[in-house]
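Participant:
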Amino acid sequence: MTNAPTAAIGLTRSGHEREAPGMGPVDIRIERGKPPLDAPPAPPRRPRASWHLRANAIVVGWLALTVVVALAGDVLPAPRWLLIHVFLLGAVSTAILIWSEHFTVALLRVRTPPQRGSLARLGVLNAATVAVLAGVSAGPWQVAAAGAALVAGVVLWHAAVLVRLVRQALPGRFGHVIGWYVSAAGALAAGGVLGGLLAAHVWHGAVHERLHAAHAEVNVFGWVGLTVLGTLFTLWPTVLRTRMSDATRRASRVGLRLAAPGLAVAVAGLLADWRWVALAGLAAYAAGGLAVLAPLADALRRKRPHTGASWMLGAAIVWFEVALIADLVVVATRPAAEVAAALEPLLPLVLVGFVAQVLLGSLLHLLPAVLGGGPARFKRNAALLERRWPVRLAALNLGVPLLALPVPRPMTLLGWALVLGSGLAFVALAVTALTRARPAGAVPTAATTMKGDADGSANGSADGSADGSADGRTSWRRSLPAVAGVAVGCLLTAAAVVVATTGDPGPSAVTATGSRTIEVTLSGMSIRPSVIEAPVGTVLTLRVTNTDAQRHDLRLATGERTPMLASGQSATLNLRPLGEPVDGWCTVAGHRAAGMTMRIVPTGIAAASQPRPSSGHNGHGTNAAESTRLDLAAPMSPGWKPYEATLKPAPGGTEHHIEIRADDTVVQEVAPGTRQRVWTFNGTLPGPVLRGKVGDVFVVTFVNAGTMGHGIDFHAGATAPDGPMRTIQPGERLTYRFRAESAGAWLYHCSTMPMTQHIANGMYGAVIIDPPKLPKADREYLLVQGELYLGEPGGDAQVAKIREGEPDGWMFNGTAAGYDHAPLRAEPGERVRIWAVAAGPSSGTALHVVGAPFDTVYKEGAYLLRADDPGGAQVLDLAPAQGGFAELVFPEAGTYPVVDHTMRRAEAGAHGQFQVSAP
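Under the numbering used here, read the sequence shown as residues 4 to 922, first letter to last.
Written as structure tokens, this is what we have:
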């Protein structure tokens, strides 16, 4: 056996270690003074093994949960997303947080940071991970977004700790590695922000898909990839038990200068839809990866892999290069919005071939060193963890291509069995090692663990030779119950899942009475039709087509499901004879919570299976039950006409007479396919528009033609409310006279209590008083935004929603998404003035036109921006009951959405379109 050269460690005045070349292997101890003989003994120091024992138990727990999630499959919500994030965000991120700090301390030879801070970071990361998993899987999305923000915050905290350790350390051979860890932390912070935006569904369609691609790239190749590449400089030669290459430091610096900026450019290119920029950035990242490989190949030439850890790390490096090449091809040949979908089949290469093998190989090598117990126990733990490693290595790497390639389903299941079997074996062995470990005894130091020029003799037979010892056999027999318990538990879980998901439901108790084929469309976070009714016994065939830019699927509670469908793709589902209600939903993370659901109802039992709407205080039914969900992409009913949004000029004269009649019996279409009884002025929602000039007098004859008391309140007038705003009973009338002393866009509404109910059910309108010298516009439109509460007006369920301020939707001029189906018109170069009033009753608006900034903004009687000012505006923001207008010029032909930029409201109906075309 050849002994490697050694160097003693001296202490500087600052207390830091430094190499003392030319000295023999002598242990030097410098003491500032001896303690008194009668001094009490110092309390025993908690060994390093106890901290890593607890910390790595969390990693093993996440790995076990990954196996359980994989076995559970479709029983869980968003199963594919959940599996990826339990593994990457749970197991891998926890391991990186633990080991990157450990390696930094070892390589820099600095004092270990306080364990309280390390435990706090670990706790916050795991709490944030749970929040992300729960928020995306079950909702609400705010929980997931908060968790993503915490993830970003804790890794930045972790990066700050690493930077502080670098500043405390003396210059050394390994300081260059820490830059990779800090860059990786920055990548996860960016990935966490992108993940929070994805969970919130801030953008949709192609933008959402680009965001998805950037999120995947920065997390996998940034957080995981940069960490692994930096660690391999020291870990690879240590595992091979050979010295580091002399070119390591230069290769590390060159690699990081290429990889980190290259990844940032690639992510920016994907977000901006600049394919070639993204490709250039990814090519720079690949060049950085090749620079890293040079010293690794040099170490490989000197020493061949001989342990399970070395073979797993070597295989992981190969899969990493294969995945990187595939990624380059995909980015070069696909638009940015299609990158995420094209990379999905390659996930096994990255997650299993690269990430899982790096994690398992690293733990195989490192766990024995941190579990403690002295050299003898180190040998036993190493032998235990590497037991049958060639079989596990072969199984895992044979399973990767079976999962990635388009093979028959039995071969895919075989791939899952090989991969999960290998992972399950490691979990069982690691649990055994963790449960029998004791924090007492000698522990190899961090410097020994990561020393790149060790020859391996001190660590015993990590290649498995100790496996045949009597101690090894005895230890294995003692650990057999723990291993068997873990294995049996996972097998029982798998069996239960298989029975629950694939078991024969037995003969159907419903006799087939006929068949029916239905076209189902996936689009705009909705499934159309959202409700399918068919007689009991009908055999339904669903032809499912995705017309959205995002990928969707459809899964039914009875087990039938489509594959993930890209835009334009279709699939067919054949159902058993219909006997009971069946729910369906999209399994993409967050889509079910966003309302992408459907329900199949047998008409024979519809009354028993559906909730009954409250009769309300008038006992009238409605077509919009409390449980109805709006399908904004569905077509409007035949005969529907939009509210006329075109605003006519103010009439001549200075006194205007108008009759307004209250009517609470009107039924109108408030959303596509959804009819609802509303309370109105003059039978329209909103009521008639009054327009005049400053100083004009309005004489309003108010008639109550409804079934209950109503009143009216004009904000544009100044008068004591006692008389004209009083409530009058059905059949009564009054005269309301006011002078418009001030310009602006004013609200009027029913003044009868409770006003929340009367306004929420439609009793509101607008009064437009032109500012003096108002310039002429080519077109003028009025949008009155109001809240939509489905259900019987005045019923208990509707009133509860009104009191809580939880509308079912939002409307422009009385119909949710109405102007999506009947777009407003304009021509390029025309000046368009959009008047807006926020009717509420509880929410305002942030009016925004996508693709066309405002050059004029007038709000609450004053100009905030004029056309000749150098600035511009993006929203007209109004609180409830406020009004104003904004002007813009459309630059070219196209379709320009007009939305409330409070995106929750836009996605729930406060959305329309301007169709701009040449004359």
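Positions of the beta carbon are idealized from the N, C-alpha and C atoms, including for glycine. Quantities reported herein were computed from a predicted structural model and do not represent experimental measurements.
The alpha helix (DSSP H) with G2 in it runs from where to where?
Facilitator: The requested residue 2 does not occur in the structure, where the chain is confined to residues 4 to 922.
Participant: Can you give me the C-alpha to C-alpha distance between R213 and L85, rounded to a whole angstrom?
Facilitator: Along the sequence shown, one-based indexing puts residue 213 at 210. Along the sequence shown, one-based indexing puts residue 85 at 82. Computed Cα separation, rounded: 20 Å.
Participant: Might you give, ordered along the chain, the residues of its own chain that have their beta carbon closer than 6 Å to the beta carbon of G847, omitting 5 neighbours on each side?
Facilitator: Locating residue 847 in the sequence shown gives position 844, where the first residue counts as 1. Around G847: A841, L881, A882, P883.
Participant: Let me make sure I understand the geometry here. Which of R834, G258, V394 has the alpha-carbon closest to that of L293?
Facilitator: Looking up residue 293 in the sequence shown gives position 290. Among R834, G258, V394, the Cα nearest to that of L293 belongs to G258.
Participant: How many angstroms separate the CA atom of W314 from the CA atom of W102?
Facilitator: As a working mapping, residue 314 is identified with position 311 in the sequence shown. As a working mapping, residue 102 is identified with position 99 in the sequence shown. Their backbone Cα atoms lie some 20 Å apart in a straight line.
Participant: Kindly indicate which residue of R729, H105, L827 has the alpha-carbon position closest to the one of S365.
Facilitator: Reading the sequence shown from its first residue, position 362 is the one you call residue 365. Of the candidates R729, H105, L827, the one whose C-alpha sits nearest the C-alpha of S365 is H105.
Participant: Pick helix, strand or coil for G233, following the three-state DSSP scheme.
Facilitator: Position 230 of the sequence shown, counted from the start, is the residue given in the question as residue 233. Helix at G233.
Participant: Can you list the beta strand (DSSP E) stretches of 3 or more residues lying completely in the segment 699-785, in chain order?
Facilitator: Runs of the beta strand (DSSP E) inside the segment 699-785: 700-707, 736-742, 747-752, 767-773.
Participant: Which same chain residues, not among the five before or five after A188, have their C-beta less than 6 Å away from its C-beta?
Facilitator: By 1-based counting over the sequence shown, the position of residue 188 is 185. V158, H161, A162, listed in sequence order.
Participant: Under 7 Å between the Cβ atoms of V355 and V430?
Facilitator: Counted from its first residue, the sequence shown places residue 355 at position 352. Counted from its first residue, the sequence shown places residue 430 at position 427. Not a contact, by the Cβ cut-off of 7 Å.
Participant: Mind checking which residues open and close the beta strand (DSSP E) that includes D586?
Facilitator: By one-based count along the sequence shown, residue 586 stands at place 583. Counting along the chain, the beta strand (DSSP E) containing D586 begins and ends at 585-588.
Participant: For E389, is the classification buried or exposed, using 16 other Cβ atoms within 10 angstroms of its Cβ as the cut-off for buried?
Facilitator: Looking up residue 389 in the sequence shown gives position 386. The residue in question, E389, is buried, as its Cβ has 16 or more Cβ neighbours within 10 Å.
Participant: Are the CB atoms of T541 and R531 within a distance shorter than 7 Å?
Facilitator: Indexing the sequence shown from 1 puts residue 531 at position 528. Indexing the sequence shown from 1 puts residue 541 at position 538. In this structure, T541 does not lie closer than 7 Å to R531 by Cβ.
Participant: When you compare each of R380, A359, M414 to R395 by their alpha carbons, which one comes out closest?
Facilitator: Locating residue 395 in the sequence shown gives position 392, where the first residue counts as 1. It is A359 whose Cα lies nearest to the Cα of R395.
Participant: For H660, which residues does DSSP report across the bridge?
Facilitator: Reading the sequence shown from its first residue, position 657 is the one you call residue 660. Per DSSP, V702.
Participant: Rank R579, Q553, G527, D551 by C-alpha distance to the C-alpha of T514 and give the top, closest one.
Facilitator: Taking the sequence shown and counting its residues from 1, the one referred to as residue 514 is at position 511. When each option's Cα is compared against that of T514, the closest is R579.
Participant: In chain order, what residues of the same chain have a beta carbon less than 7 Å from the beta carbon of R828, not counting five sequence neighbours either side?
Facilitator: Translated into the one-based positions of the sequence shown, residue 828 becomes position 825. If we look at R828 and ignore the five residues flanking it on each side, its Cβ neighbours are Q918.
Participant: Output the residue ranges of the alpha helix (DSSP H) runs that lie fully inside the segment 66-107 and measure 4 residues or longer, sorted by chain position.
Facilitator: For the segment 66-107, whole alpha helix (DSSP H) runs of length 4 or above, ordered along the chain, are 82-88.
Participant: Taking the runs of the alpha helix (DSSP H) that are 4 residues or longer, which of them lie wholly in the segment 338-373?
Facilitator: Qualifying alpha helix (DSSP H) stretches, in chain order: 339-346.
Participant: Would you kindly work out how many angstroms separate the C-alpha atoms of A748 and L122, rounded to a whole number?
Facilitator: One-based indexing of the sequence shown puts residue 748 at position 745. One-based indexing of the sequence shown puts residue 122 at position 119. Roughly 58 Å separates the two Cα atoms.
Participant: Could you tell me whether the Cβ atoms of A769 and G912 are closer together than 7 Å?
Facilitator: Walking along the sequence shown from the start, residue 769 turns up at place 766. Walking along the sequence shown from the start, residue 912 turns up at place 909. No, the pair does not count as a contact, with Cβ atoms beyond the cut-off.
Participant: Counting only the same chain and skipping the five closest in sequence on each side, list residues whose C-beta sits under 8 Å from that of G709.
Facilitator: Working through the sequence shown from its first residue, we reach residue 709 at position 706. A665, D666, D667, T668, W682, P733, listed in sequence order.
Participant: Quick one: what does DSSP say F893 is sitting in, helix, strand or coil?
Facilitator: The residue you call residue 893 lines up with position 890 of the sequence shown. Of the three classes helix, strand and coil, the one that applies to F893 here is coil, per DSSP.
Participant: Please determine if the segment 292-312 and the segment 241-249 are in contact, where contact requires at least 3 C-beta pairs separated by less than 8 Å.
Facilitator: Yes, since at least three Cβ pairs between the segment 292-312 and the segment 241-249 fall closer than 8 Å, the two stretches touch.
Participant: Need the endpoints of the alpha helix (DSSP H) that N384 sits in, please.
Facilitator: Mapped onto the sequence shown, residue 384 falls at position 381. Per DSSP, N384 belongs to the alpha helix (DSSP H) from 377-388.
Participant: Which residue wins for smallest C-alpha separation from A746, given the options M728, L777, I762, A763?
Facilitator: Here the question's residue 746 lines up with position 743 in the sequence shown. Closest by alpha carbon: L777.
Participant: Suppose only complete runs of 3+ residues qualify. What are the beta strand (DSSP E) ranges in the segment 526-565, listed by chain order?
Facilitator: Qualifying beta strand (DSSP E) stretches, in chain order: 529-531, 534-537, 541-549.
Participant: Can you tell me which of the three DSSP states L793 falls into?
Facilitator: Position 790 of the sequence shown, counted from the start, is the residue given in the question as residue 793. If DSSP states are grouped into helix, strand and coil, L793 belongs with coil.
Participant: Assuming V534 contacts R595 under a Cβ cut-off of 8 Å, what Cβ separation, rounded to an integer in Å, is found between them?
Facilitator: Looking up residue 534 in the sequence shown gives position 531. Looking up residue 595 in the sequence shown gives position 592. Rounded, the Cβ-Cβ distance is 16 Å, inconsistent with contact.
Participant: DSSP on N816, reduced to helix/strand/coil?
Facilitator: As a working note, residue 816 is residue 813 in the sequence shown. Coil at N816, not helix or strand.
Participant: With H, G and I counted as helix, E and B as strand and the rest as coil, what does DSSP make of H620?
Facilitator: Residue 620 sits at position 617 when you count from the first residue of the sequence shown. Its pLDDT being 34, under 50, H620 is placed unreliably by the model, and nothing is read from it.
Participant: Are the segment 267-276 and the segment 198-208 touching, with three or more C-beta to C-beta distances below 8 Å?
Facilitator: Result no; under three Cβ-Cβ pairs closer than 8 Å.
Participant: By how many angstroms is the C-alpha of L545 removed from the C-alpha of L2?
Facilitator: The first residue shown for the chain is 4 and the last is 922, placing residue 2 beyond what the model contains.
Participant: Which first and last residues belong to the beta strand (DSSP E) in which A839 is found?
Facilitator: As a first step, residue 839 must be located in the sequence shown, where it is residue number 836. Taken as a continuous stretch (DSSP letters only), the beta strand (DSSP E) holding A839 covers 834-843.
Participant: Take the Cβ of M766 as the centre, count every other Cβ of all protein chains shown within 10 Å, and call the residue buried at 16 or more, exposed below.
Facilitator: The sequence position of residue 766 within the sequence shown is 763, counting from 1. By the neighbour-count rule (16 or more Cβ atoms within 10 Å), M766 is buried.
Participant: List the whole-angstrom C-beta distance separating W419 from A648, where the pair is believed to meet the contact cut-off of C-beta under 8 Å.
Facilitator: Reading the sequence shown from its first residue, position 416 is the one you call residue 419. Reading the sequence shown from its first residue, position 645 is the one you call residue 648. Not a contact, Cβ separation roughly 56 Å.
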